[in-house]
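Okay, so here's the structure we're looking at.
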């Protein structure tokens, strides 16, 4: 028996990028120098390990679906797709767009996507194998039609834009993985030209790019890597750079007032939170009242205002626009008196001392300072922090349950997802309890059987409406029990460009909000 | 002379070996890179397999032995993070680091020698006071602060020089000043005190009595005598600049070894850390060796003693 689970209105959206396809596009011209704060480690989308890789990979490679400027899904390399069911198991039926070419001229076919799936499932290549764990089989129907069959439902697959990148099978098989990483070839709007580590990446517009409406208008892009905030700003002010990423929060207002300069700020898909040891029965945070006390103790709004210069957005459990966002769920109000009362009720009228781990490597702007503010607020109500700074390598290993028996105390943490966002995969990691070797609860210091069952069920739900309802349900329980940590804020990232010279229509999605195909030089 | 050279090369080799052992052991005590390399759902079997693949399951001494054996053939392993040969990653960055250190040192000497000499000649005068204040300013201000000030004044304010980057002669000016200003104070003091000693010596008094022009006495005879302690210091500072330029490299987006190695430490990228430290150690030893050899050039007594 075969039935359609959801239509998803994909066919209607499919037509959107091609409204102007019939018009002959103008050839790309000119050179633009821009600056990023960080650089990619890998240019191979499946070997990529860091979020920053996406800024660069997203210019050269594409996926089946893309999130548009309205934060709605758009068909991209997929002409249409539909979630169906056969024999009690779900599958996604995907029709690939015809006429799409790789930078070397090879046409994109289902065989390339199958190869992409195989690489994405190979732990020797991919660091994201868990995203393919529920897939049973990749089935090619014809050159532009294939099916991804699941042994059980996997909602994160749909929420994660069908996860697969278009990569050139023949090219990689011919040159090998290493050469592919050095000279990447995709279907994206820009071709790779050269790279000097710690210095720059050069890209060139791909003249045969399939999407004429979004074809680049700038021929050459030189992306400089300038990690120091003030130097990046100086490079922009002196005119050496005409577009910059990550304006420092303290300077956003100055940039907004700068004549001839335009800015755009976006909430990043990174969710900051405070992890606390609720697992160990001896831990003070095992008691829900202590966790609630912490929630009342920290004035997150003040931290956003004063430490982040307003460049952050408070979230309760799920961010605005994400699947499962519940506007009725309100954050715990800042109420130190209530926090002290809850601590007293829990048997700690004089408070207690606890280790508090702070990330000192700036993964997000002013993160160290934000951590210090968290722990100062906690100390003020009686959760007296012995703050310990951790650089990135220590911090990331420390948070892993397979490395660490359990974590004591508080830990400044974060979880990420794409935009608009779906917390399914992240919650499986830090809300579901840890299962040794099972891939669940890899950073979890919580154990709530009811939440475990719900998070597990959420993973199998592919219908977006049902998923929305389930996320709302979990979010409410998670919020009441302050389970899986205390959510705080999401950073705001600001881009700036010289309006007199550059045109730019950013797409607010990671990898694409820095979509350089939307950048142009004013004639 | 050759015996002396051989002895110094041998001592240098021991120093490099010592540095390589220390960095090898310390980097491995600092954390496990495997968890950063594998997917979140990696099973214990996958973790074990990856550890074996990178040779991290063996005893530390065995790992070190294998590393030395391969390093001697030019194989420093592959960067875990960048997935390219660690040696290439370091060697590609090395010219930029050497260039920055050389120009930083040249800047410091270009300031310290005339200021030190003039301070000694005009002891207690306004040149002495102004020179010492300028030199002390460099020592009092951290390099990141100096770097930002230079960008503010010369890149943003005056628009004379680029704020960042690498390539042309103009790019090296600001980073070299930011790096080279710090040691100016110490070098100035060394030159000044050595010059004061020499200027008070009998042979200088005799030269004056014989009517030798003061310019020649100061800049030729006295300065040459005062150069040995400065040379010693230059060797140490050059080595420190090679290894410690991380802050300046970051401020000016300078693609050097310092930034590469520090970021490799954060990601526990052992092959890159080891290759970076090893090459910095080699340069350190070489620069000190060159300084030792140069003593003979400025002081014939040392040359003859060898």
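Residue numbers (the numbering used here), protein chains in the order written: chain X, 1100 to 1622; chain L, 81 to 386. Even glycine gets a Cβ: it sits at the ideal position worked out from N, Cα and C. From a predicted model like this one, the values you see are computed outputs, not experimental measurements.
Quick one, which residues of the stretch 1318-1329 of chain X are near chain L if we go by CB-CB under 9 Å, in chain order?
-> 1323, 1324, 1325, 1326, 1327 and 1329
DSSP bridge partner residues for residue 128 of chain L (one or two, in chain order) = BP columns for residue 128 of chain L are empty, so no partner.
Report the rounded CA-to-CA distance for residue 326 of chain L versus residue 352 of chain L, giving the unit in angstroms.
-> 15 Å
Selected residue, minimal CA-CA separation from residue 1323 of chain X, among X:1297, X:1145, X:1313 and X:1329 | X:1297
Count the CB pairs spanning the stretch 1156-1170 of chain X and the stretch 1231-1241 of chain X that are closer than 8 Å, and state whether there are at least three.
-> Cβ pair count under 8 Å is below three, so no.
Report buried or exposed for residue 1121 of chain X, applying the criterion of at least 16 other Cβ atoms within 10 angstroms of its Cβ.
-> For residue 1121 of chain X, the predicted model reports a pLDDT of 47, less than 50, meaning its position is unreliable and no value from the coordinates is stated.
Residue 278 of chain L: which of L:267, L:257 and L:302 sits nearest, CA to CA?
-> When each option's Cα is compared against that of residue 278 of chain L, the closest is L:302.
Chain X contact residues for residue 126 of chain L, given Cβ-Cβ distances below 7 Å | 1222
Classify residue 1062 of chain X as helix, strand or coil using the three-state DSSP reduction.
-> One cannot answer for residue 1062 of chain X here, as it falls past the ends of chain X, which runs 1100 to 1622.
Can a CB atom of chain L be found closer than 8 Å to the CB of residue 1280 of chain X?
-> At least one chain L Cβ lies under 8 Å of residue 1280 of chain X.
Separation of residue 1211 of chain X from residue 1233 of chain X, as counted between CA atoms | Take the alpha-carbon of residue 1233 of chain X and the one of residue 1211 of chain X: they are about 20 Å apart.
Leaving out five residues before and five after residue 95 of chain L in sequence, what residues of the same chain have Cβ atoms less than 6 Å from its Cβ?
-> Listed in chain order, the non-local C-beta contacts of residue 95 of chain L below 6 Å within the same chain comprise 365, local neighbours out to five positions each way being set aside.
Spatial distance of residue 1198 of chain X from residue 1306 of chain X (CA atoms) | Spanning the two alpha carbons is a distance of roughly 14 Å.
Drop a sphere of 10 angstroms on the beta-carbon of residue 84 of chain L, count the other beta-carbons inside from all chains shown, and report buried for 16 or more, exposed for fewer.
-> Around the beta-carbon of residue 84 of chain L, fewer than 16 other beta-carbon atoms lie within 10 Å, marking it exposed.
8 Å Cβ shell around residue 150 of chain L - same chain, five flanking residues per side excluded = 156 and 157
Return the bridge partner residues of residue 1515 of chain X from the DSSP annotation.
-> X:1369
Show which residues of chain L have a CB atom less than 8 Å away from the CB atom of residue 1298 of chain X.
-> By Cβ distance, chain L contributes 245, 246, 333 and 335.
Where do the N-terminal and C-terminal ends of the beta strand (DSSP E) with residue 1192 of chain X fall, by residue?
-> 1188-1195
Roughly how many whole angstroms lie between the Cα atoms of residue 240 of chain L and residue 1339 of chain X?
-> In a straight line, the C-alpha of residue 240 of chain L is about 12 Å away from that of residue 1339 of chain X.
Going straight from the alpha carbon of residue 1485 of chain X to that of residue 1454 of chain X, what length do you get?
-> 5 Å
Just how far apart, CA to CA, sit residue 188 of chain L and residue 215 of chain L?
-> Their Cα atoms are separated by approximately 9 Å.
Inter-residue Cα distance where the pair is residue 295 of chain L and residue 289 of chain L | 14 Å
Which word fits residue 91 of chain L, buried or exposed, when buried means at least 16 other C-beta atoms lie within 10 angstroms of its C-beta?
-> exposed
Which of helix, strand or coil DSSP assigns to residue 1209 of chain X | helix
Looking at the structure shown, is residue 1181 of chain X part of a helix, part of a strand, or coil, going by DSSP?
-> strand
Which of helix, strand or coil DSSP assigns to residue 78 of chain L | Nothing about residue 78 of chain L can be read from this structure; chain L reaches only from 81 to 386.
When the cut-off is 8 Å and only beta carbons count, does residue 1595 of chain X lie next to chain L?
-> no
Between X:1581, X:1523, X:1569 and X:1500, which lies nearest to residue 1544 of chain X when the distance is taken from Cα to Cα?
-> X:1500
For chain L, is any of its Cβ atoms less than 8 Å away from the one on residue 1577 of chain X?
-> no
Quick one: complete beta strand (DSSP E) runs, 3+ long, within the stretch 1349-1416 of chain X?
-> 1360-1366, 1369-1375 and 1411-1413
CB contact flag (residue 1456 of chain X, residue 1510 of chain X, <8 Å) | yes
Residue 1322 of chain X - partner residues in DSSP beta bridges | X:1133 and X:1300
Report the residues of the stretch 128-160 of chain L with a CB closer than 7 Å to any CB of chain X, ordered along the chain.
-> Against chain X - using a Cβ distance shorter than 7 Å - the stretch 128-160 of chain L contributes no residues.
Roughly how many angstroms lie between the CA atoms of residue 182 of chain L and residue 1257 of chain X, to the nearest whole one?
-> Distance between the alpha carbons of residue 182 of chain L and residue 1257 of chain X is about 56 Å.
Backbone CA spacing between residue 1280 of chain X and residue 306 of chain L [nearest angstrom] = 55 Å
For the stretch 221-285 of chain L, list the alpha helix (DSSP H) runs that are entirely contained and at least 4 residues long, ordered along the chain.
-> 223-230, 249-260 and 264-279
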